[in-house]
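Taking it in order: structure first as structure tokens, then the write-up.
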Amino acid sequence: MIRGDPMNTKRRALPVLLERDFRKLAASEGATVEIECVSAPNPDERFSGEWLFYVVSPAGERFLLVTALARERIVNSPIGMFGLAFGKLNLDHLDVPAVAGAVCTGMRSRPGGSDPLE
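Note that the sequence shown covers residues 98 to 215 in the numbering used here.
See below:
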């Protein structure tokens with residue numbers, strides 16, 4: 098039996114990718130990136146919150162970005178969000194959800210960037 102937040106359970110049932118494979122899929126033609134707000138940004142704590150990144154393949158499969166230990170890679174700060182979105186993924190734009198449970202979609206990874214794939 099799995100306990101806890103049903104949204105969290107749904108996320109864990111999704112296929113996952115480590116950063117290198119996530120970035121490679123995100124850079125493929127027709128793939129899009131999504132960002133989910135897990136906890137809303139708190140202005141009293143420098144707008145820290147929790148966000149998850151997903152990539153949707155051209156075929157419509159959705160993958161969650163995970164750490165090397167296969168845990169959800171949670172971004173906690175605006176600086177971390179910008180670093181991943183523009184430094185690693187080289188997104189064409191950044192839509193950031195600010196309400197827990199909200200998801201922003203339609204972002205695309207462009208070729209190049211400051212941190213190219215190995």
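A virtual CB, placed ideally from N, CA and C, is assigned to each residue, including glycine. Treat the numbers as computed from the prediction; the structure is a model and nothing was measured.
Item to check | Nearest to Gly203 (by Cα), restricted to the options Phe119, Val152, Asn173 | outcome: Working through the sequence shown from its first residue, we reach residue 203 at position 106. Checking every option, the nearest Cα to that of Gly203 belongs to Val152.
Next on the checklist: Counting C-beta neighbours from all protein chains within 10 Å, is the total for Ala123 16 or more, i.e. buried, or is it exposed?
Outcome noted: Here the question's residue 123 lines up with position 26 in the sequence shown. Label assigned to Ala123: buried.
Checklist entry - From what residue to what residue does the alpha helix (DSSP H) around Ala123 run? => result Translated into positions along the sequence shown, residue 123 becomes position 26. Where Ala123 is concerned, the enclosing alpha helix (DSSP H) stretches over 116 to 123.
Next on the checklist: Determine whether the beta carbon atoms of Ile171 and Glu147 lie at a separation below 7 Å.
Outcome noted: Position 74 of the sequence shown, counted from the first residue, corresponds to residue 171. Position 50 of the sequence shown, counted from the first residue, corresponds to residue 147. Contact: yes.
Checklist entry - Taking all protein chains shown into account, do 16 or more other C-beta atoms lie within 10 angstroms of the C-beta of Val200, making it buried, or fewer, making it exposed? => result For the purposes of this step, residue 200 is identified with residue 103 of the sequence shown, where counting begins at 1. Exposed, since its Cβ has fewer than 16 Cβ neighbours within 10 Å.
Checklist entry - Pro194 by DSSP, collapsed to three states: which one? => result Counting from 1 along the sequence shown, the entry for residue 194 is found at position 97. Taken through DSSP and simplified to helix, strand or coil, Pro194 comes out as coil.
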